[in-house]
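Trainee: Before we start, here is the structure in question, set down as structure tokens.
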Amino acid sequence: MSFRVPRTFTWLAFGLLLMTSGGVPALPALAQEEIKPAQEEAKSIQEEEKAAGDEGKAALEDKTAKDGSPEPAAKNVKGDEKEAFASSPAKQAKRDKKSQSEPGKGEAKQTAKAPRTVKSKEASEKGDARKNYLTLIDNYFDGVFKLEPHYATELGIHEYDSLLPDMSPEGMKKQNRFYRDYLKKFEALDTSPLFEKDRLDLALVVSQIKDKLLENEEIASYTRNPATYSELACASVFALMKRNFAEPAERLKSVIAREKAIPEMLKVGRSNIKVEAVPKVYAEIDLEQLPGIISFFEKDVPSAFDSVKNASLNQEFADSNKAVIAALKAHETYVRKEILPKAKGNYSLGSEIYKKKLLYQEMVDEPIDVLYQRGMTELRRLQKDFARTAHALDPNRSALKVFEGVSSKHPEPAELIDSVKKVLEDLRRFCVEKPILTIPSEDRASVAETPPFARALSFASMDTPGPFEKKAKEAYYFVTLPEKDWPAKRVEEHMRSFSFQDVLNTSVHEAYPGHYVQFLWVNTNPSKVRKLSGCGSNVEGWAHYCEQMMVDEGLGSGDLKLRLAQLHDALLRCCRYLVAIKMHTDKMSVEEATDFFVREGFQERANGEREAKRGTSDPTYLVYTLGKLQIIALRDEYKKLKGPGYSLKAFHDAFLSTGCPPVKLVRAELLNDYSAFPVSTKNSKATKKK
């Protein structure tokens, strides 16, 4: 194995890993009050601005001018969504109340002027409150970037490209103090002056912080997983290599600075690790990945900067790179000789921590047994559909034999890149002509071979630039080709994952209308929080949902081989869902998990073992199926709400316009139902009077 490159678009995946974005319950101890629809609130604030005069207007204009400030929802509402806002119960109630208290004509002129002073003051206060909120958000993210500079690089923020995070005990304490301080500040906010989308953004940030603290203080992977440090070494340098956001010599200076810090970071890691608390499988995974990581520094990093002709800079790089390689080899020896023989930790999080993980990261608060039963229901449905489809293709062979026949038809290795390029254009055309959704850009992703060090754990992946990248905006759809020195049998086994139907289904997931299209939509989102935050059940759930949806909508023109490939991939994801729950709440072993993938998901044993190992350190890789089922349920609710005016394209556009937060939050926006996110009046004047 080699270093694990995130499967989805990279900047967000690193955000999920390092900031643990995700789900959020209703904010604690929040006062309940009626939440107006977004359009009504925007209109109300606009009226207050008008009444407020120059002072209130200036305050409100200032707050909306800040980078990342969301526009009032009314400006983003289209067609049938406007109708939904206009007919909302809250708005109708306001109309009724207004009509009941409407003064006579004689009184109107006399009373009209009276509220203006109050309105002016209220508008000014609202403007100030929202400005303070946005400033707090800016300050929070600035602090995060300083604490986790490699994450900032992925996002396209390059002020901290020469730095690594401080992983020492003192550094971790500082990090936790920072997150706790901001958690207090955010939870103390009076949210009544904010737009509804602001309140949702705030809930998302609060949840991120809770998940980060859960990871640091209770799960504490940095004390139990040695791969934390070797992966960070690789990822922090790869982020500087892969895009030309600056001249090679400038980026090389940042590489050198980070490389000089890596040996000390690995040393700190050895002192942080509690050897007997390390699960043995974690040590095994690190040892499997380290040869690829070492090779990355030996070959890939020098190759990436061979155009730099500055002799002194090249010598400085040669020295720093040599030191990193030596430090990684020392780390490998330490893991093999000191950790592996003594490792006896438990990878299972346990039910209580796992429930918190789902709550904070994915906004899921349902009982574990309910989630598990839902997954089993989906598994049985998929198995029946897989058997039925295989039987329709060939009634004389078993379902697995039929699938093996489908997998045996694939492009030649030399033709794979061109085959994927053609598929992408065909898929894009299908999405536009059907129509499936709006594609908000004419940009295209470049299809390229997966970097050598990342090939062991990825057949295909989408790597997109961060939302704040100003220059190097290319996106890469990486495809893993077989190694040139592999024997023919191994080449054939590898290429079976790229059958013509698999190439199509995988490209739906990675590009159109999956990850790449979602990335394009995220870039259009005016909210800074939505640009920087997301969760796996939305990102991977969307891409996985697209696989089934596209075939349902006619992709392949009824090709049963494509349906079979789609179902086989769905079975794999559903097994991940069930194995994740069992591993982390019911002590399922790696061996039991491997058997489950083979028996229930129709996977080859080698892949089943790889998936089982992944589940030990990726407890929420259930997000593919979790998110798919959530999106299907939301689509049904949205369709019922819209009635005859419903269209699939409108649903997809509305879904993607929200960014990629937890689906529970998306539901609030699409159904105009904010009851799960009540207004907080903490520190408001009304609260103080009480």
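To convert, take the position in the sequence shown, counting from 1, and add 337; that gives my numbering.
From the three backbone atoms N, C-alpha and C, an ideal C-beta is built for every residue, glycine too.
Could you compute how far the alpha carbon of residue 541 sits from the alpha carbon of residue 999?
Mentor: Approximately 8 angstroms, taken between the alpha carbons.
Trainee: Please report how far the alpha carbon of residue 1018 lies from the alpha carbon of residue 636, in whole angstroms.
Mentor: Cα-Cα distance, rounded: 57 angstroms.
Trainee: Spatial neighbours of residue 857 within its chain, please: CB distance less than 8 angstroms, with the 5 preceding and 5 following residues excluded, ordered by chain position.
Mentor: Same-chain partners within the cutoff: 776, 777, 778 and 780.
Trainee: Tell me the DSSP secondary structure of residue 749 in three-state form.
Mentor: It is coil, neither helix nor strand.
Trainee: So, for residue 614: in the same chain, excluding its five sequence neighbours on each side, which residues have a beta-carbon less than 6 angstroms away from its beta-carbon?
Mentor: Cβ neighbours of residue 614 beyond the five flanking positions: 561 and 682.
Trainee: Out of curiosity, what's the CA-to-CA distance linking residue 755 and residue 829?
Mentor: Roughly 18 angstroms between the two C-alpha positions.
Trainee: As a quick exercise: from 773, 814 and 839, pick the residue whose alpha carbon is nearest that of residue 993.
Mentor: It is 773 whose Cα lies nearest to the Cα of residue 993.
Trainee: Name, in chain order, the residues that DSSP records as bridge partners for residue 912.
Mentor: Its beta-bridge partners do not exist; DSSP assigns none.
Trainee: In the DSSP output, which residue or residues are listed as bridge partners for residue 997?
Mentor: According to DSSP, residue 997 bridges with 871.
Trainee: From the DSSP secondary-structure annotation, give me the bridge partner or partners of residue 572.
Mentor: Answer by DSSP bridge pairing: none, since residue 572 is not bridged.
Trainee: Grab the span of the beta strand (DSSP E) containing residue 645 for me, first residue to last.
Mentor: Premise fails: residue 645 is in no beta strand (DSSP E) and is neither H nor E.
Trainee: Would you kindly report the start and end of the unbroken beta strand (DSSP E) that includes residue 799?
Mentor: Element bounds for residue 799: 797 to 800.
Trainee: Report back the beta-carbon spacing between residue 595 and residue 501 to the nearest angstrom; my notes put them in contact at under 8 angstroms.
Mentor: Yes, they are in contact, since the Cβ atoms of residue 595 and residue 501 sit about 6 angstroms apart, within 8 angstroms.
Trainee: For residue 751 and residue 831, I'd like the C-alpha separation in whole angstroms.
Mentor: Going from the Cα of residue 751 to the Cα of residue 831 covers about 13 angstroms.
Trainee: Smallest Cα separation from residue 584: which of 1003, 808 and 940?
Mentor: It is 808.
Trainee: To the nearest angstrom, report how far apart residue 854 and residue 1001 are at their CA atoms.
Mentor: Cα to Cα, residue 854 sits roughly 21 angstroms from residue 1001.
Trainee: Hey, residue 765 and residue 697 are a contact pair by Cβ (cut 8 angstroms); roughly how many whole angstroms apart?
Mentor: Their Cβ separation, rounded to whole angstroms, is 36 angstroms, which puts residue 765 and residue 697 out of contact at 8 angstroms.
Trainee: So does the region 878 to 887 actually touch the region 951 to 969, counting three or more Cβ pairs closer than 8 angstroms?
Mentor: Because the criterion of three Cβ pairs below 8 angstroms is met, the region 878 to 887 and the region 951 to 969 touch.
Trainee: Nearest to residue 693 by alpha carbon, out of 547, 786, 886 and 633?
Mentor: Comparing Cα positions, the closest option is 547.
Trainee: Does the Cβ of residue 746 have 16 or more other Cβ atoms within 10 Å, making it buried, or fewer, making it exposed?
Mentor: Label assigned to residue 746: exposed.
Trainee: Consider the C-beta atom of residue 856 and the heavy atoms of the ligand MG; say whether any pair is separated by less than 7 angstroms.
Mentor: Here there are no bound small molecules, and the ligand MG is not part of this structure.
Trainee: Can you list, in chain order, the residues of its chain with a C-beta nearer than 6 angstroms to that of residue 1007? Leave out the 5 residues immediately preceding and following it.
Mentor: Only 975 and 991 meet the Cβ criterion.
Trainee: Could you check whether residue 493 and residue 802 sit closer than 8 angstroms to each other, using their CB atoms as the reference points?
Mentor: The answer is yes: Cβ separation under 8 angstroms.
Trainee: On the three-pair Cβ rule with 8 angstroms, is the region 911 to 926 touching the region 942 to 958?
Mentor: Verdict: yes, contact present.
Trainee: Apart from the five residues just before and just after residue 886, which ones in its own chain have a Cβ nearer than 7 angstroms to its Cβ?
Mentor: Closer than 7 angstroms at Cβ, skipping near neighbours: no residue.
Trainee: Are three or more beta carbon pairs between the region 913 to 933 and the region 719 to 729 nearer than 8 angstroms?
Mentor: Cβ pair count under 8 angstroms is below three, so no.
Trainee: Which partner residues of residue 813 appear in the DSSP bridge assignment?
Mentor: Note: residue 813 sits in a beta bridge opposite 783 and 800.
Trainee: Within 10 angstroms of the Cβ of residue 737, are there 16 or more other Cβ atoms? Answer buried if so, exposed if not.
Mentor: So residue 737 counts as exposed.
Trainee: Given that a residue counts as buried once 16 or more other Cβ atoms are within 10 Å of its Cβ, and exposed if not, what is residue 851?
Mentor: So residue 851 ends up on the buried side.
Trainee: Are there 16 or more other CB atoms within 10 angstroms of the CB of residue 712, so buried, or fewer, so exposed?
Mentor: Burial call: buried.
Trainee: Quick check on this structure: which residue in 677, 471 and 715 has the alpha carbon closest to the alpha carbon of residue 904?
Mentor: Closest option to residue 904, Cα to Cα, is 715.
Trainee: Apart from the five residues just before and just after residue 591, which ones in its own chain have a Cβ nearer than 6 angstroms to its Cβ?
Mentor: The residues are 498, 499 and 577.
Trainee: Taking contact to mean at least 3 C-beta pairs separated by less than 8 angstroms, is the region 501 to 520 in contact with the region 817 to 829?
Mentor: No, they do not touch.
Trainee: Confirm, please, whether the CB-CB distance from residue 661 to residue 634 is below 8 angstroms.
Mentor: Against a cut-off of 8 angstroms, the Cβ pair of residue 661 and residue 634 comes out as a contact.
Trainee: When we look at the beta-carbon of residue 707 and count the other beta-carbons within 10 Å, is it buried (16 or more) or exposed?
Mentor: Exposed is the call here.
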